[in-house]
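Reading the sequence shown from the start, the letters are residues 7 to 400 in this note's numbering.
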Amino acid sequence: MIKEQIQELSQKIFNDVVANRRHLHTNPELSFHEQKTSAFVAGKLDELGLTYEKMADTGLVALIKGDMPSDKVVALRADMDALPITEANDVPYKSQNVGVMHACGHDAHTSSLLGTARILTELKSQFAGTVKLIFQPAEEKLPGGASLMIKEGVLENPKPQAVLGQHVMPLIDAGKVGFRAGKYMASTDELYVTVKGKGGHGAQPQQNIDPVIITAHILTALQQVVSRFADPKSPSVLSFGKVIANGATNVIPNEVYLEGTFRTMDEKWRDEAHKRMKKMAEGIAESMGGSCDFNIMRGYPFLINEEVLTAATRGHAEDYLGKENVLDLDIWMAAEDFAYYSQVADSCFYRLGTRNESRGITSSVHTPTFDVEEDAFKISTGLMAYLAIKQLGN
Ligand SMILES: [Zn+2]
Ligand SMILES: [Zn+2]
């Protein structure tokens with residue numbers, strides 16, 4: 007039975023997967039600068055006798071062909087970049103690149119996919135079809151490594167019928183995984199807004215155009231884009247986390263600067279919301295005698311897990327882990343560049359539980375105390391290998 011063989015192999019390689027993860031965790035690199043990480047992955051692929059192609063500068067793509075004939079192809083994706091965060095954990099594998107930290111678990115994704123590659127290579131004689139391994143750079147930074155790799159043809163020659171991605175989740179206990187069919191994560195756009203007026207003495211408002219008051223109106227009014235124009239059946243979020251009016255008790259500034267984020271799960275509405283926000287902000291500023299530069303930096307699209315593929319993959323995960331270890335996920339309004347794969351190919355992005363409360367491993371991703379329970383690697387490698395083999399029709 008292939009399942010038992012995979013389970014056995016995944017126990018055999020567990021210590022190596024931990025060691026690889028620790029190596030990557032100790033040596034994190036920022037988005038688009040994953041040179042050493044890329045070389046490390048290349049070295050491991052060499053050890054497995056796999057050839058690879060470089061893409062998007064530091065990205066790597068390799069193929070594992072099952073010995074039995076089949077045209078089917080499934081792609082497995084891991085991201086490799088770290089974040090500009092200083093690690094606060096006191097662990098033997100603490101980041102040695104100060105100010106840079108694997109705080110989103112991409113070290114776990116990369117080491118797990120290398121483990122999966124090892125399992126699949128050892129079992130080559132027993133399955134039909136091709137597994138495409140995608141090690142991509144820069145998930146954390148626009149325009150996103152996924153979009154660049156797609157532009158460079160990562161989903162062609164051969165074209166995968168399915169793309170699977172696995173991401174750590176500190177809300178789920180190690181040993182369990184989570185799935186959600188359909189829309190799962192949000193599109194994310196960054197908003198950079200400057201409201202301009204005419205500054206002066208706070209005692210003489212009649213001689214000035216107060217950008218602070220204009221901003222107060224804009225901030226309040228813009229929430230109507232979400233509460234009055236968005237379809238209540240589809241989520242939208244608008245938040246402004248930065249508002250700088252650098253005046254004083256008695257000084258009205260010339261301008262106010264704002265930064266915010268807009269997230270949703272509908273591409274048509276996303277475009278319409280952009281137009282409405284801009285028009286509303288500019289209109290309010292103008293009506294109050296000022297002006298407004300409303301700039302939108304488009305981020306990742308929303309992530310959708312294709313229904314049929316996700317139902318099948320979830321079923322295979324239940325086979326592999328037992329029903330009790332496969333959970334339902336809620337919508338998550340964060341962004342993920344795996345969304346680009348999901349926009350052009352049938353895709354499934356699922357979550358690997360990495361929480362262990364008894365060891366205090368509970369911190370959110372993107373925090374200085376984030377860590378993963380490495381016991382999760384007992385399932386991360388084999389599960390992905392099993393999902394791939396099953397998806398290929400074996
Ligand atoms: Zn992240
Ligand atoms: Zn991530």
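Beta carbons are placed, not taken as given, at the ideal position from N, Cα and C, and that holds for glycine.
Is methionine 191 helix, strand or coil by DSSP? strand
Run the CB neighbour count on methionine 74, radius 10 Å, all protein chains shown included, and call it buried at 16 or more, exposed below. exposed
Boundaries (first-last residue) of the beta strand (DSSP E) holding alanine 168: 168 to 179
Sorry if obvious, but does the Cβ on glutamate 146 come closer than 6 Å to a heavy atom of ligand 1? yes
Go through its chain and collect everything with a Cβ distance to glutamate 128's Cβ below 8 Å, but skip five positions before and after it. Leu15
Residue range of the alpha helix (DSSP H) that includes lysine 248: Element bounds for lysine 248: not the alpha helix (DSSP H) but the beta strand (DSSP E), 242 to 250.
Output yes or no for whether 7 Å exceeds the beta carbon distance between valine 23 and serine 117. yes
Cα-Cα separation, alanine 48 to serine 233: 49 Å
Look at the alpha carbon of valine 249 and the alpha carbon of histidine 372, and state the distance between them as a whole number of angstroms. 23 Å
In its own chain, which residues sit with a C-beta less than 7 Å from the C-beta of histidine 112, not counting the 5 before and 5 after it? Asp85, Met86, Asp87, Ala88, Glu145
7 Å Cβ cutoff met for serine 193 and arginine 276: yes
So is the beta-carbon of cysteine 110 under 6 Å away from any non-hydrogen atom of ligand 1? yes
Might you give, ordered along the chain, the residues of its own chain that have their beta carbon closer than 6 Å to the beta carbon of valine 199, omitting 5 neighbours on each side? Leu264, Phe300
Neighbourhood of alanine 180 by C-beta distance below 7 Å, restricted to the same chain and skipping five residues each side: Gly359, Thr360, Arg361, Asn362, Glu379, Asp381, Ala382
Classify aspartate 85 as helix, strand or coil using the three-state DSSP reduction. strand
Are three or more beta carbon pairs between the region 50 to 64 and the region 145 to 164 nearer than 8 Å? yes
Per-residue DSSP class, three states only, for glutamate 14: helix
Can the beta-carbon of glutamate 324 be found closer than 7 Å to that of valine 314? no
Here's the rule: buried if 16 or more other CB atoms are within 10 angstroms of the residue's CB, otherwise exposed. What is methionine 303? exposed
C-alpha gap between glycine 184 and valine 137, whole angstroms: 22 Å
If we call anything under 7 Å between Cβ atoms a contact, is arginine 124 one with isoleucine 19? yes
Between which two residues does the beta strand (DSSP E) holding serine 101 run? Where serine 101 is concerned, there is no enclosing beta strand (DSSP E), given that its DSSP letter is neither H nor E.
Tell me the DSSP secondary structure of arginine 186 in three-state form. coil
Using only alpha-carbon positions, find the residue among Met175, Asp195, Met155, Asn260 that is nearest to phenylalanine 205. Residue identity differs from the one stated: residue 205 is glycine in this sequence, not phenylalanine. It is Asn260 whose Cα lies nearest to the Cα of glycine 205.
Secondary structure, alpha helix (DSSP H): runs of 4+ residues fully inside the region 8 to 65: 8 to 32, 41 to 53
Find the nearest neighbour of valine 67 within the set Thr387, Glu35, Gln142, Val79, judged by alpha-carbon distance. Gln142
Give a yes or no on whether 7 Å exceeds the smallest Cβ distance from serine 101 to chain C. The chain inventory of the structure shown lacks chain C, comprising one protein chain alone.
The alpha helix (DSSP H) that contains glutamate 273, what's its start and end? 273 to 293
Lysine 71 in three-state terms, based on DSSP: strand
Beta-carbon gap between leucine 393 and leucine 170 smaller than 7 Å: yes
Could you round the C-beta distance between glutamate 312 and aspartate 352 to whole angstroms and report it? I think they count as a contact, below 8 Å. 4 Å
On a CA-only basis, which of Arg320, Pro166, Leu177, Lys42 is nearest leucine 398? Give me that one, please. Pro166
Collapsed DSSP secondary structure at leucine 398 in the structure displayed: coil
Can you name the start and end residues of the beta strand (DSSP E) that alanine 351 belongs to? Here alanine 351 belongs to no beta strand (DSSP E), and DSSP marks it neither H nor E.
Tell me the DSSP secondary structure of lysine 165 in three-state form. coil
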